[in-house]
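J.: Counting in our numbering, the sequence shown runs from 15 upward without gaps.
All C-beta atoms, glycine included, are put in the ideal place defined by N, C-alpha and C.
All of these numbers come straight from a predicted model, not from anything done at the bench.
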Amino acid sequence: MSASDYPRFITGPSQPLRPRSLILMPNWIGDLLTALAVVEDKSAQTDEQIELLVPEGMTDLVRLLSPLPVISYRRRSRVAMRATLAEVRARAFDRIYLLPFSFSSGWFAFKSRIPTRRGICREGRWLLLTERLPRTTRDLGVHITQEYASVLNIPPRNPETLRGQRIAVNRVHAGTIVFCPGAVYGPAKRWLGFAELATTLSAERIVVLGSEAETDASVSIARAAPSRVTDLAGKTSLIEAARIVAGARLVVSNDSGLMHLAAYLGVPTVAIFGSTSPVWTRPIGDRAKVVQSDVECSPCFDRTCRYGHYRCLREISVHRVTEACRVMLDARVEGQNQNEELTHGGEKR
Numbered sequence: 015m016s017a018s019d020y021p022r023f024i025t026g027p028s029q030p031l032r033p034r035s036l037i038l039m040p041n042w043i044g045d046l047l048t049a050l051a052v053v054e055d056k057s058a059q060t061d062e063q064i065e066l067l068v069p070e071g072m073t074d075l076v077r078l079l080s081p082l083p084v085i086s087y088r089r090r091s092r093v094a095m096r097a098t099l100a101e102v103r104a105r106a107f108d109r110i111y112l113l114p115f116s117f118s119s120g121w122f123a124f125k126s127r128i129p130t131r132r133g134i135c136r137e138g139r140w141l142l143l144t145e146r147l148p149r150t151t152r153d154l155g156v157h158i159t160q161e162y163a164s165v166l167n168i169p170p171r172n173p174e175t176l177r178g179q180r181i182a183v184n185r186v187h188a189g190t191i192v193f194c195p196g197a198v199y200g201p202a203k204r205w206l207g208f209a210e211l212a213t214t215l216s217a218e219r220i221v222v223l224g225s226e227a228e229t230d231a232s233v234s235i236a237r238a239a240p241s242r243v244t245d246l247a248g249k250t251s252l253i254e255a256a257r258i259v260a261g262a263r264l265v266v267s268n269d270s271g272l273m274h275l276a277a278y279l280g281v282p283t284v285a286i287f288g289s290t291s292p293v294w295t296r297p298i299g300d301r302a303k304v305v306q307s308d309v310e311c312s313p314c315f316d317r318t319c320r321y322g323h324y325r326c327l328r329e330i331s332v333h334r335v336t337e338a339c340r341v342m343l344d345a346r347v348e349g350q351n352q353n354e355e356l357t358h359g360g361e362k363r
């Protein structure tokens, strides 16, 4: 048999393997959702195979909101932490991006044996990182999405241009106004005018969302307008709350995780800020209106008011929030009318 009788295999140039990257997501739901929008932006512009390491209580929500693969960050016990480490090691990632800046996140990355570990050099973890960003990467004078973009090694975008995914809505509560009167962080983020606001929005159906910790506030709101308010505080899962928020006409919220969920879903939002700063953590997208006071001691970022007066919240009147709601509702109606004109009277069909 001559050489010409052997089968010939035609091969092209070998394709380089795409780098495998793990992103450790923030622990707070609001930070996580804001970060998720930046991660989606990175995913659209990189050849890296990205997976997310998400706190175990939020994995179902992230799987609903993002197509990226998710690993549950289990760490309630040493056994759970070892199981998470084993899963991460088995996936042979090339690099890990650390969006939290805690020492524990750096230690986890080090123990995971991932060769490239990129994050902000804080909390004494510089020895645990291989790509160290300066402490000044965290700058409360710019939007937090810039910090996340720096860690993820992509150019920052205007946060107003960021938005997440659309999801199926809860049809039962579609078209309502959703009130989110809570904020896990502390009372310096909780505006107390929601019950009165419910009476001023006299023609609207209202749904109250939150955890069991917000039941006192939700009960007072329901009492203010019993025929129009559905109190679901402490009665929904995160997934159920997300579907209700997705179908809302408007969300009125303190600076909380639900506020950021509404922004991620592109739902019109009135965001009330007390001790925190909208410069740093305002909702992403272009469908939010921020209401805040101009007292000299705000933002202080404290959980409770060091002076005991909570003026940053008390000086936000119900009238101001009502006007903000009217502006956002009118803008939504105007946008719907424009869409109808394009659909029925214009060129787009």
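From Ser80 to Ile64, what distance separates their C-alpha atoms?
T.: Just so you know, the alpha carbons of Ser80 and Ile64 end up roughly 12 Å apart.
J.: Applying the criterion that 16 or more other CB atoms from any shown protein chain within 10 Å of the CB defines a buried residue, is Val76 buried or exposed?
T.: buried
J.: Would the beta-carbon of Ala49 fall within 7 Å of that of Pro40?
T.: yes
J.: Tell me, to the nearest whole angstrom, how far the beta carbon of Ala248 is from that of Ser225; I am working on the premise that it is less than 8 Å.
T.: Sequence inspection shows Gly at residue 248; the Ala mentioned does not correspond to that position. 6 Å between Cβ atoms; contact.
J.: How should Leu4 be labelled, buried or exposed, when 16 other C-beta atoms within 10 angstroms of its C-beta is the threshold for buried?
T.: In the structure as shown, the chain begins at 15 and stops at 363. Residue 4 is therefore absent and cannot be evaluated.
J.: Are there 16 or more other CB atoms within 10 angstroms of the CB of Arg92, so buried, or fewer, so exposed?
T.: exposed
J.: Go ahead and label Ser251 buried or exposed: buried means 16 or more other beta carbons lie within 10 angstroms of its beta carbon, across all protein chains shown.
T.: Around the beta carbon of Ser251, fewer than 16 other beta carbons sit within 10 angstroms, so the residue counts as exposed.
J.: Is the stretch 159-169 in contact with the stretch 185-199, if contact means three or more CB pairs nearer than 8 Å?
T.: no
J.: Reducing DSSP to helix, strand and coil, say where Phe117 ends up.
T.: helix
J.: Helix, strand or coil for Asp245, going by three-state DSSP, please let me know.
T.: strand
J.: For Phe107, count neighbouring C-beta atoms within 10 Å of its own C-beta (all shown protein chains included) and say buried if the count is 16 or more, exposed if not.
T.: Buried, because 16 or more other Cβ atoms sit within 10 Å of the Cβ of Phe107.
J.: Count the other CB atoms, across all protein chains shown, that sit within 10 Å of the CB of Pro129; report buried if there are 16 or more and exposed otherwise.
T.: exposed
J.: Measuring straight from C-alpha to C-alpha, what distance separates Gly155 and Leu142?
T.: Distance between the alpha carbons of Gly155 and Leu142: 27 Å.
J.: Which whole-angstrom value is the C-beta distance of Ala260 and Val183, which I expect to be below 8 Å?
T.: 4 Å
J.: Quick one: is Glu310 buried, meaning 16 or more other Cβ sit within 10 Å of its Cβ, or exposed?
T.: exposed
J.: Which first and last residues belong to the alpha helix (DSSP H) in which Gln179 is found?
T.: Run containing Gln179: none; DSSP gives neither H nor E here.
J.: Leaving out five residues before and five after Gly189 in sequence, what residues of the same chain have Cβ atoms less than 6 Å from its Cβ?
T.: For Gly189, same chain residues with a beta-carbon under 6 Å away, outside a window of 5 residues either side, are Arg263 in chain order.
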